[in-house]
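Numbering (the numbering used here), first residue to last: 162 to 632.
One structure is given here, and the rest of the page talks about it.
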């Protein structure tokens with residue numbers, strides 16, 4: 162994936178990299194996006210995936226021109242990401258479908274509204290059923306995956322069109338679409354029996370019998386009964402996401418997980434009734450899980466983290482804003498002689514009770530950790546993450562001395578550091594740069610003289626406007 166942030170250098174970069182297949186246009190592009198698209202098209206590269214997400218508008222004029230004059234793009238472009246373009250409209254969908262009829266994956270989702278319908282009618286662009294129908298008309302024989310989440314004006318009519326006319330459809334995301342109902346969702350499941358992934362809010366479905374190929378299921382912020390969990394257990398899911406759901410019991414959840422031996426991804430974030438005791442019942446059934454999200458489960462503490470040791474394939478764990486560190490006990494000390502060599506990524510941000518002792522003990526449990534998010538942390542302690550490559554300690558109270566202490570044993574491999582809005586000064590940043598020989602990207606928004614120091618003294622290190630960490 163090539164990310165372009167400056168229009169003026171795109172031609173030079175593409176000339177040097179003629180085999181590039183995937184391009185991401187940075188939301189803060191310096192230059193004119195229409196000119197950039199024309200430059201990319203003129204370069205002759207065979208683009209298969211194009212990402213325009215988070216841009217303020219869709220560049221319809223240049224896309225029409227490319228679609229009309231460059232047959233290469235019409236044939237090769239398979240994936241288009243237009244998510245979070247709030248002005249995206251029915252007209253833009255017509256441009257997309259007519260210009261790139263070979264599209265297989267399309268993301269036209271908008272910002273998810275967590276507080277209701279709000280003022281979406283005031284958006285400069287709205288997507289309606291007419292736009293989806295025009296899209297389907299041109300992409301019917303190719304479309305495999307589509308995300309329409311956050312488009313509040315579409316109804317079941319859009320889902321009917323997708324289910325009836327797109328025979329290859331295998332993945333649909335329809336979260337936060339206020340006028341869609343369980344009947345529209347059911348139509349997609351019944352008509353497209355080979356559907357492998359669906360993301361939605363409603364759970365009032367007549368049957369899961371027709372979803373025999375479903376592998377990924379995402380249901381958010383809704384009431385789920387044990388009976389529904391029992392019906393889901395008939396599927397062979399590999400990914401289950403039920404964030405901020407309620408109404409089911411631990412018994413129902415354990416029964417479901419017992420029936421899903423191949424599950425690799427589990428998201429229980431925001432399920433506030435979960436406790437360390439209930440997690441002890443859940444974890445034995447997560448033998449194949451590689452990613453787990455328990456963020457915003459406010460009752461979970463060190464015992465839950467200890468349970469991760471029993472997940473042999475676990476690579477990524479998220480425990481954002483839980484209760485880790487609330488009680489200083491010997492829980493983690495008792496497992497400090499054990500370790501999970503598989504865990505590579507941890508999100509421990511916003512844990513207000515987190516302390517140095519907890520962090521040090523966690524580092525002994527996860528010696529192979531590559532990425533850690535410690536946003537809003539009080540201090541770093543003497544971390545023992547010897548293999549650490551990416552550190553996010555933004556918005557923390559970490560000062561110069563704490564930073565140097567924290568990196569004492571984990572600076573050799575560190576490549577990316579985000580310290581924006583922390584209390585680290587220029588002097589602490591310079592010590593960090595000198596201590597970490599492989600450092601390539603630093604984010605600290607407050608110190609312009611530090612940026613000058615990097616440019617003058619350490620050409621290999623890049624000061625960044627922003628560092629994005631995977632959720």
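Here a beta-carbon is modelled for each residue, glycine too, at the ideal position from N, C-alpha and C.
Report task. Can you give me the start and stop residues for the alpha helix (DSSP H) that residue 255 sits inside? Result -> For the purposes of this step, residue 255 is identified with residue 94 of the chain shown, where counting begins at 1. 251–260 is the extent of the alpha helix (DSSP H) around residue 255.
Report task. Could you tell me which of 297, 217 and 546 sits nearest to residue 327, measuring between CA atoms? Result -> Numbered from 1 along the chain shown, position 166 holds the residue referred to as residue 327. For residue 327, the nearest C-alpha among the options comes from 297.
Query raised in the report: alpha helix (DSSP H) containing residue 602: first to last residue?
Result: In the chain shown, residue 602 corresponds to position 441, counting from 1. Taken as a continuous stretch (DSSP letters only), residue 602 belongs to no alpha helix (DSSP H), being part of the beta strand (DSSP E) at 602–604.
Query raised in the report: Which first and last residues belong to the beta strand (DSSP E) in which residue 187 is found?
Result: Against the chain shown, residue 187 aligns to sequence position 26. It spans 183–191 - the beta strand (DSSP E) in which residue 187 sits, taken as one unbroken run.
**Report entry** Own chain residues within Cβ distance below 7 Å of residue 164, not counting five before or after
**Finding:** For the purposes of this step, residue 164 is taken as residue 3 along the chain shown, with counting starting at 1. Hits under 7 Å: 185 and 187.
Requested in this report: Look at residue 206 and residue 270 and say whether their C-beta atoms are less than 8 Å apart.
Outcome: By 1-based counting over the chain shown, the position of residue 206 is 45. By 1-based counting over the chain shown, the position of residue 270 is 109. Going by C-beta atoms, residue 206 is not nearer than 8 Å to residue 270.
Query - Beta-carbon contacts of residue 180 that lie in its chain and below 6 Å, excluding the five residues immediately before and after - result: Position 19 of the chain shown holds residue 180. Around residue 180: no qualifying Cβ.
Requested in this report: Kindly identify the DSSP beta-bridge partner or partners of residue 240.
Outcome: Along the chain shown, one-based indexing puts residue 240 at 79. Per DSSP, 210 and 266.
Query raised in the report: residue 426 bridges to which residues according to DSSP?
Result: Numbered from 1 along the chain shown, position 265 holds the residue referred to as residue 426. Partner(s): 400 and 452.
Query raised in the report: Which partner residues of residue 477 appear in the DSSP bridge assignment?
Result: Taking the chain shown and counting its residues from 1, the one referred to as residue 477 is at position 316. According to DSSP, residue 477 bridges with 452 and 506.
Query - Residue environment, residue 588, which counts as buried when at least 16 other CB atoms sit within 10 Å - result: Numbered from 1 along the chain shown, position 427 holds the residue referred to as residue 588. Classification of residue 588: exposed, given that the 10 Å Cβ count is below 16.
Query raised in the report: Which residue spans inside the segment 335–370 form an unbroken alpha helix (DSSP H) run of at least 4?
Result: Fully enclosed alpha helix (DSSP H) runs of no fewer than 4 residues occupy 343–352 of the segment 335–370, in order along the chain.
Report task. From the DSSP output, in three-state form, read off residue 315 for me. Result -> On the chain shown, residue 315 is found 154 positions in, with the first residue counted as 1. It is coil, neither helix nor strand.
Query raised in the report: Is residue 169 helix, strand or coil by DSSP?
Result: Start at 1 with the first residue of the chain shown, and residue 169 comes out as number 8. In the structure shown, residue 169 adopts helical secondary structure according to DSSP, grouped into three states.
Query - Extent of the continuous beta strand (DSSP E) to which residue 225 belongs - result: Locating residue 225 in the chain shown gives position 64, where the first residue counts as 1. For residue 225, no beta strand (DSSP E) encloses it; the enclosing alpha helix (DSSP H) starts and ends at 221–230.
Query raised in the report: With a Cβ-Cβ cutoff of 8 Å, do residue 149 and residue 198 count as a contact?
Result: Nothing about residue 149 can be read from this structure; the chain reaches only from 162 to 632.
**Report entry** Beta-carbon separation (whole angstroms), residue 528 vs residue 503, contact threshold 8 Å
**Finding:** Taking the chain shown and counting its residues from 1, one reaches residue 528 at position 367. Taking the chain shown and counting its residues from 1, one reaches residue 503 at position 342. No, residue 528 and residue 503 are not in contact; Cβ-Cβ is about 11 Å, not under 8 Å.
Requested in this report: State the beta-bridge partners of residue 552 as determined by DSSP.
Outcome: The count along the chain shown starts at 1 and reaches residue 552 at position 391. Under DSSP, the beta-bridge partners assigned to residue 552 are 533 and 578.
Query - Beta carbon proximity, residue 374 to chain C, threshold 8 Å - result: Any reference to chain C falls outside this structure, which holds one protein chain only.
**Report entry** Option in 354, 356 and 340 with minimal Cα separation from residue 362
**Finding:** Position 201 of the chain shown, counted from the first residue, corresponds to residue 362. Residue 340 is the option with its Cα nearest to residue 362.
Query raised in the report: Out of curiosity, what's the CA-to-CA distance linking residue 523 and residue 190?
Result: Along the chain shown, one-based indexing puts residue 523 at 362. Along the chain shown, one-based indexing puts residue 190 at 29. Between the alpha carbons of residue 523 and residue 190 lies a gap of roughly 40 Å.
**Report entry** Delimiting residues of the beta strand (DSSP E) encompassing residue 379
**Finding:** Reading the chain shown from its first residue, position 218 is the one you call residue 379. Element bounds for residue 379: 377–380.
Report task. Indicate the three-state DSSP secondary structure (helix, strand or coil) for residue 163 in the structure shown. Result -> Position 2 of the chain shown, counted from the start, is the residue given in the question as residue 163. For residue 163, the secondary structure class from DSSP, reduced to helix, strand or coil, is strand.
Query raised in the report: Where residue 576 and residue 168 are concerned, what is the direct C-alpha to C-alpha distance, given to the nearest angstrom?
Result: For the purposes of this step, residue 576 is taken as the residue at position 415 of the chain shown. For the purposes of this step, residue 168 is taken as the residue at position 7 of the chain shown. Computed Cα separation, rounded: 27 Å.
**Report entry** Cβ pair residue 424, residue 401 closer than 8 Å
**Finding:** As a working note, residue 424 is residue 263 in the chain shown. As a working note, residue 401 is residue 240 in the chain shown. Yes; because the gap between Cβ atoms is below 8 Å, this pair is in contact.
Query raised in the report: Looking at the structure shown, is residue 307 part of a helix, part of a strand, or coil, going by DSSP?
Result: As a first step, residue 307 must be located in the chain shown, where it is residue number 146. Reduced to three states, the DSSP call for residue 307 is strand.
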